[in-house]
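Reviewing the structure listed below.
Numbering (our numbering), first residue to last: 76 to 210.
What follows is the structure, given as structure tokens:
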């Protein structure tokens, strides 16, 4: 059973979209690196200050991943929810494998603190049957 993960952080760069084959099926995956920061209130200065944090690789699959690539930019503040997964890899210059972690995201949501504006696409056409049912 995977571990659930939820955190807020900033994108290191804009997400990248990759096309991969999974069990013979063509799929898309957005990959992004996010810094999940840790802030604490300092009563002496009456301000919040960063006291740490960590980087995680985040992947989001299929249409949601394509949407992330289309909308998100470097530095964007996002909330990530998904499954934390461990994998093994060999760091450059090392002889032995070490564990690494990544999040397979169910949802990557843009935090609105630095957003200046939003442009929505037109709603989809509704079928005549659906429009009559709403009347």
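Heads up, the beta-carbon is just placed ideally off N, CA and C, and yes, glycines get one too. Keep in mind the model is a prediction, meaning the values are calculated, not measured.
- If the five residues before and after residue 78 are omitted, its C-beta is found closer than 7 Å to the C-beta atoms of 158 and 159, all from its own chain and listed in chain order.
- The Cβ neighbour count for residue 174, taken over all protein chains shown within 10 Å, is under 16; the residue is labelled exposed.
- Check the Cα spacing between residue 125 and each of 132, 116 and 131: the tightest is with 116.
- Residue 153 is positioned such that its CB atom lies closer than 8 Å to that of residue 109.
- As the crow flies, the alpha-carbon of residue 127 is around 22 Å from that of residue 185.
- Around the beta carbon of residue 162, fewer than 16 other beta carbons lie within 10 angstroms, which makes this residue exposed.
- As for any beta strand (DSSP E) of minimum length 3 sitting wholly inside the stretch 162-208, the runs are 173-185, ordered along the chain.
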